Each structure stands twice: as structure tokens, then as C-alpha cells.
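K.L.:
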Amino acid sequence: MESPPIDTTATETQLIEESAEFRGLRSSFRSFAFPVTIGFVLWYLLYVLLSSYAPGLMGTKVVGHINVALVLGLLQFVTTFAIAAWYARYAARRLDPPAAAIREARGAVVHAPREAAE
Amino acid sequence: MNLLATSATDHRGLTMTLFGIFVLATLGITVWAGRQTKDAADFYAGGRGFSGFQNGLAISGDYMSAASFLGIAGAIALFGYDGFLYSIGFLVAWLVALLLVAEPLRNSGRYTMADVLAFRMRQRPVRTAAGISTIVVSIFYLLAQMVGAGSLVALLLGVSGDGAKRWTIVAVGALMVLYVAIGGMKGTTWVQIVKAVLLIAGTALMTFLVLAKYHFNVSSLLGAAADASGKANAFLEPGLKYGATGTSKLDFLSLGLALVLGTAGLPHILVRFYTVPTAKAARKSVLWAIGIIGGFYLMTLALGFGAAALVGPKTIKASNAAGNTAAPLLAENLGGGAGTTGGAVLLAVISAVAFATILAVVAGLTLASSASFAHDLYANVIRRGKVSERQEVYVAKWAAAGIGAVAIALSLFADKLNTAALVALAFAVAASANLPTLLYSLFWKRFNTVGAVSSVYAGLVTSVVLVLFSPVVSGGKNSLFPHSDFHWFPLENPGLVSIPVGFLAGWIGTVLSREEADPAKYAELEVRSLTGLGAH
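Chains as they are written, first to last, in numbering that gives the first Met the number 0: chain A, 0 to 117; chain B, 0 to 535.
#1: Contact criterion: CB-CB distance below 8 Å. Does residue 26 of chain A meet it with respect to chain B?
#2: Looking at the strands, I want to know which residues DSSP matches up with residue 62 of chain A.
#3: Taking Cβ to Cβ, would you say residue 263 of chain B is nearer than 8 Å to residue 100 of chain B?
#4: Which one or two residues does DSSP pair with residue 480 of chain B in a beta bridge?
#5: Please state whether the Cβ-Cβ distance between residue 459 of chain B and residue 471 of chain B is less than 8 Å.
#6: Taking C-beta to C-beta, are residue 226 of chain B and residue 492 of chain B nearer than 8 Å?
#7: Compare the C-beta of residue 497 of chain B with all C-beta atoms of chain A and state if any pair is closer than 8 Å.
#8: Which residue wins for smallest C-alpha separation from residue 345 of chain B, given the options B:32, B:30, B:206 and B:25?
#9: Could you tell me the boundaries of the alpha helix (DSSP H) in which residue 240 of chain B lies?
#10: So, using beta-carbon positions, are residue 98 of chain A and residue 529 of chain B closer together than 8 Å?
#11: From the DSSP output, in three-state form, read off residue 30 of chain A for me.
#12: Could you list which residues in chain A have their beta carbon closer than 9 Å to that of residue 241 of chain B, in chain order?
#13: Would you identify the three-state DSSP class for residue 92 of chain A, choosing helix, strand or coil?
#14: Which term fits residue 34 of chain A, buried or exposed, when burial requires 16 or more other beta carbons within 10 angstroms of its beta carbon?
#15: Does residue 37 of chain A come within less than 8 Å of chain C when only Cβ atoms are used?
#16: Please classify residue 214 of chain B: is it buried, with 16 or more other beta-carbons within 10 angstroms of its beta-carbon, or exposed?
#17: Under 8 Å, Cβ to Cβ, is there at least one residue of chain A near residue 67 of chain B?
#18: Taking only beta-carbon atoms, is residue 64 of chain B less than 8 Å away from chain A?
#19: Are any of the Cβ atoms in chain B nearer than 8 Å to that of residue 63 of chain A?
#20: Looking at C-alpha atoms only, which residue of B:445, B:283, B:333 and B:156 is the closest neighbour of residue 84 of chain A?
#21: Please list the terminal residues of the continuous alpha helix (DSSP H) segment that includes residue 493 of chain B.
#22: By the three-class DSSP mapping on this structure, what secondary structure does residue 267 of chain B have?
#23: Against chain A, which members of the segment 236-266 of chain B pass a CB distance test of less than 7 Å?
#24: Go through the segment 202-239 of chain B residue by residue and report every complete run of the alpha helix (DSSP H) that reaches 4 residues or more, in order.
#25: Verify the CB distance criterion: does residue 164 of chain B have a CB-CB separation below 8 Å to chain A?
#26: Exposed or buried, residue 408 of chain B, counting other C-beta atoms within 10 Å across all chains shown (16 or more means buried)?
#27: Which same chain residues end up closer than 7 Å to residue 487 of chain B when comparing Cβ atoms and leaving out the 5 residues on each side of it in sequence?
#28: Could one say the Cβ of residue 75 of chain B lies closer than 8 Å to chain A's Cβ atoms, at least one of them?
#29: Please identify the residue among B:338, B:191 and B:322 whose C-alpha is closest to the C-alpha of residue 271 of chain B.
#30: Against chain A, with Cβ distances strictly below 8 Å, would residue 530 of chain B count as a contact?
#31: Report the rounded CA-to-CA distance for residue 110 of chain B versus residue 359 of chain B, giving the unit in angstroms.
#32: Under the rule that 16 or more other beta-carbon atoms within 10 Å means buried, what is residue 41 of chain B, buried or exposed?
#33: Using the beta-carbon count (16 or more within 10 Å), is residue 17 of chain B buried or exposed?
#34: Output the distance between the C-alpha atoms of residue 537 of chain B and residue 318 of chain B, rounded to the nearest integer angstrom.
#35: Hey, how far is the Cα of residue 58 of chain B from the Cα of residue 428 of chain B?
#36: When the Cβ atoms of the segment 25-39 of chain B are set against those of the segment 323-342 of chain B, are three or more pairs found closer than 8 Å?
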């Protein structure tokens, strides 16, 4: 099978896992992904609950026939696009460089020839 | 009565021609892709050679089912604002996939979802559980698409009677098996890309035409829709569909949870991340998918309110009580109305796009479930890994035929089932059985085999049993068995209960078992998932 050989043994991966570089990468990833996920799930649930239990507020007119419900719904789209863009930027700056550094330091540049296919 | 059927003869020939061209073109692509398919990585993962943008289009093509195109536009046309609530859950869900699942999965798995779940566990029990849940989710989803296809053809071509419906189901089933068995992941991906482009182009054209009628003033479109609906401003506010009782409000919360947490656990979506070369490309494909899918759902808003304003709920309901023909009826209206050439052409184009949509989605589902059967159940559980790559792919192709046959048989038997409930059920099972196990596997060091197996089975069994004893199956006007009543669970969607059960079972199973997680295996998974070191 055409699978790249894993040139690090299990104990070696444990050494990588315990290294300062890897722990930094893990905490950069987790300190972004976990709180942001909790945040947007709560924001979405707030929207769902308001739709069910606060019809008066949601029906308030903002401009013309556009009401709070529509604005809040469209805001869910806006925040989704914004969080996606924010993560793309964060990952390019804070996750990709350390991940590449760890790969290179361990002598295995995985998929380097295919990078162009992106 | 059936306005669509009376004008059907005008456009039927044209629809069939356009659809015939789509089928021939995609079969051509499939044969070409089949010639390029040499090994298992080609068959299961399209050789991992697609770009982030191509995969983003294919993900959109895999995700935007006929239920979103016809169902959401129809729900907005009939229930106004409440129809829009679906699309928000379907879109926000992609952030879970982007932030927590896509990249680690791409790095640590190979062909199936179970590759990641079983990475540091005992292979056979975990792969069995994951394989079963993959096939169950995919079959529910397949049923929804195929039953939907049957009714759609009857409606759009104005053919009545069960015969036409049955032949459509059989034809759709045969085509999806051909796409998968001949073209593998490469063929399926290109079918999904072509479909995504067609669907976006068709939707964009209609959105432009609707907005142009209202001089690009959204407020006057909304005003016209509210007036035509006969429900005035209530049409633009939440509550027409889900606000009736305390139970329906809870049901909506339950559905909302299942939608937002289900996407990142749908096997046919997860395997798409294996078709790109790197985790970075997987991230790019989700970013593209979020843009494309978000834009599409914004456009369905214009289509739904446009159908309410221009066609009117009475006409839509007369054609199909659930509103599924709102988008095609709107196309006919925008083209110039029933009986005009423009109307017939636009109606034919949109009908053909709807068929293309169904075919691309069912092909993705068939591929994901047959891959899981061959790679997880056959190669790793039955043969314990002692099987050649060639044999495995051979089994996968026959599994596609087998799953196609099962799906056809079930669809013929269950053609009265409510398709929206089936899709919601697939999302609920994915959110309750697959997502908790996936997240624990990736991020919780102590998680072990007992935890993984408990989480999958508890989530799967709870959601299926709750639906069996819900108003979906018995005790309601729209139930599968309207004349008997054995329901005791009040909600139509089980997510509110089954998702917490899935998460709890994974935690309890892990804590209570004496089995210790292997720290070396977790190190390997964690390093691989975050850096791509050793990834396939």
C-alpha cells in the first residue's frame, strides 16, 4: 500500500508530544478551537431559544418589513463567515508554521511534493 | 388542481433531454475516472489529489440535497420565517467541522471515519460499531433522497401513479451504483462538482430574477410575500411552524441541536476530507464549502419568499402539500408563466437541476457506506486485516451494489415516509453516535475501547428507539402508521435526549472500565493529527 512510512517509533512520538514546540502548538490550537466552539454553539442556541420563546422581541420591526428575527438570522450567517475567516487567518499564522517546523525537525516533510495541488 | 401537471407536457420532453444530457455526461466522467482508478487510495479517496477548491465544491454538492433545495424553499414559501431556521442550523454546523474535525481527521485517518475512531482502540469492536453506525446513518439519508426522488419525478413530470415512482427509485438506485462501482471516489467527486456548479448557477439565476422584480429591494419582497401569504406580518416572524405548543418549541430546540452537531458526524461528509493531499487543503475545502453553502442558503431565502409572493401559497399547496414544488413553480412563473416557452424552459432547467442534485447526493452516500463495509467490516473485522488491497476494493464495489439493492427495496416499501423526518433522524444519529466518539477519540487521552463502543451504540440505539416511539411512527396525522398509537416520546426529533446520552455513555464507559488507554498510541494520534507527521 502506498502509505508513507512512519519514521518515528511510538516512543519517539511521545518525545515529540512532550517537547515544548509541540505543547505550544497544541495549546495554540486548543485555546482557539475549544472556546470559539463553545461560543458559537451558545450563540446559535440563544438564537434558537429566542425564536421559540421571545416572539415579541423577534417580531419588532427594524426597517420596513425587516424585523429583528431576520436581522438575527442573517447575523448567524455573518458570524459564521467571520469565525471561518478568523480561524483561517489564525491557523495560517499560529498553527501552520509550528506544525511545519516540527515536521521538518523530525526529518519527515510529509506530502511536500503534493503541496502544489492545493 | 394540479397546475404543474397540466403544463407538464410542454416541458416534459425538454426536462428529459436536459436530464439525459446530465446522465450521459456524468457517466462519461465516471468511465474516465474509472480508468484512472488503480488502487484503494484512488477508489476510496480519489487518489487524494483534489484541490481545496475542487473539494469545497464537491462537499457543497454532497451536502446540498434536494431536501435543502426543494424542501427549504418550500418550507419558507409556506411557513415563512420558520423555513429559514433549518438553513441556519445546516450552515453553522460547518464551524464544528472546520474547527474540530476536518484537519485532525484528514491527518489521522485513511479511508473511513472508523480509521480515526479505532486508531488507538481495539480494532474489531470499534470498527464494528463505527461501521454499523455509518451504514445506518447513510441508509436513513439514502431513503430520504430516494423516496424524495420518486415523488419529485411524479410531480415535475406530471406522471401520476405508483409505477412511475417505483421506476424512478429503481433508476436512481441503478445510476448511483454505476457511478460508485465504476468511478469510485474520483467519479463521485466529479459528479458532485458538476452538480454543485449547476445548482448554484440555477439558484443564482432565479434569485436574480426574483430580486429584479422587486427592484432589488428586500423589504418590498418581504412585504409582498407577507401580503400574499394571508398571514401578514406573522409570516416574517418565527412561530408559524414550531411556535404552536410547548412541545413543538422543545422539538425545535431538539432539531436545532441535531442539525448543528450532526454535520460533523455524517460519514459521507467526513470521507470527503480524505480526497485532498494535506490538512491545510482540508481546511481550505471547508472554507470554500462554508462560502458556497452559506451563499446558497441566502439565495433559498429569496426563492422561498419569492415563491410565496409570486406564486402564492394556495397554488403551491395545491401542487404539493409539503411545498416541495415551490422552487419549480417559481421557475415557471419567472420564465413567463404557465403555457409560455420561457416558463417551460426555466421549469425544465430547474427540474433537471433537482434530479442532478439527488443523483450526486445518493452517489456520495453509497460510496461512504460501501467503503465502510469493505474497509471496516470486511477487511478489518471479518478478515482481521489479512486481505489484499485488490480484494478490498472488489468487495467495496459489490457492497455498493448490495447497499443500492437494500436502499431500493426499502424505498419501495417505505415510499410514504416523511423525507424531512428521515433526514433529521440521520442528523440525530450522526450527532449522538458519531460526533461524541470522534471528539473523545481526538481530544480525550483517557478515552478507551469500552468508552468508544458504549458511546456509538448508546447514541445509535437511543435515537432510533426514541423515533420508533415518537409521533413520526405512530399516533399522529402524518405518522407512518396513523391508525395505531404506541408513541410515548413526545418529540419528533430525538436529539435533545440522544445527544447527551451519546456523550454521557462515552464518559461513563471509559471511567467504569478497567482498561487503560495506551499513552503511546495517543501520542501518535495527537502528533499526527496536529502536525501531519506520518499521515497517509
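Ideal placement from N, C-alpha and C gives every residue a C-beta, glycine not left out. Note that this is a predicted model, so its numbers are computed, not measured.
P.N.:
According to the structure data:
#1: It does not; no Cβ of chain B falls within 8 Å.
#2: Partner(s): A:65.
#3: Yes, the Cβ-Cβ distance between residue 263 of chain B and residue 100 of chain B is below 8 Å.
#4: B:473, per the DSSP bridge assignment.
#5: No, Cβ-Cβ distance for residue 459 of chain B and residue 471 of chain B is not below 8 Å.
#6: No.
#7: No, no contact with chain A.
#8: When each option's Cα is compared against that of residue 345 of chain B, the closest is B:206.
#9: Element bounds for residue 240 of chain B: n/a, residue is neither H nor E.
#10: Contact flag set, yes.
#11: DSSP places residue 30 of chain A within a helical segment (H, G or I) once states are collapsed to three.
#12: Within chain A, the residues whose beta carbon sits less than 9 Å from that of residue 241 of chain B are 50 and 51, listed in sequence order.
#13: Collapsing the DSSP output to three states places residue 92 of chain A in a helix.
#14: Residue 34 of chain A should be labelled exposed.
#15: Of the protein chains in the structure, A and B, none is chain C.
#16: Here residue 214 of chain B is exposed, its C-beta having fewer than 16 other C-beta atoms within 10 Å.
#17: Not an interface residue.
#18: Answer no: the Cβ-Cβ gap between residue 64 of chain B and chain A never drops below 8 Å.
#19: Yes - at least one Cβ of chain B is within 8 Å of the one on residue 63 of chain A.
#20: When each option's Cα is compared against that of residue 84 of chain A, the closest is B:283.
#21: If you look at residue 493 of chain B, you'll find it isn't in any alpha helix (DSSP H); DSSP assigns it neither H nor E.
#22: Three-state result, residue 267 of chain B: helix.
#23: If the cut-off is 7 Å between Cβ atoms, the segment 236-266 of chain B has 236, 237, 238, 241, 242, 248, 251, 252, 255 and 259 near chain A.
#24: Every unbroken stretch of the alpha helix (DSSP H) spanning 4 or more residues and falling wholly within the segment 202-239 of chain B is given here in chain order: 217-228.
#25: Against chain A, the CB of residue 164 of chain B has no partner CB under 8 Å away; the residue lies outside that interface.
#26: With fewer than 16 other Cβ atoms within 10 Å, it is exposed.
#27: Excluding residues within five positions, the ones whose Cβ falls inside 7 Å are 468.
#28: By this cut-off, residue 75 of chain B is not an interface position.
#29: Of B:338, B:191 and B:322, the residue nearest in Cα terms is B:191.
#30: Yes - at least one Cβ of chain A is within 8 Å of the one on residue 530 of chain B.
#31: Their Cα atoms are separated by approximately 20 Å.
#32: It is buried - the Cβ of residue 41 of chain B has at least 16 other Cβ atoms within 10 Å.
#33: Around the beta carbon of residue 17 of chain B, 16 or more other beta carbons sit within 10 angstroms, so the residue counts as buried.
#34: This structure leaves residue 537 of chain B out entirely; chain B is present only between 0 and 535.
#35: Each residue's alpha carbon lies about 20 Å from the other.
#36: By the Cβ test, the segment 25-39 of chain B is not in contact with the segment 323-342 of chain B, since fewer than three Cβ pairs between them sit closer than 8 Å.
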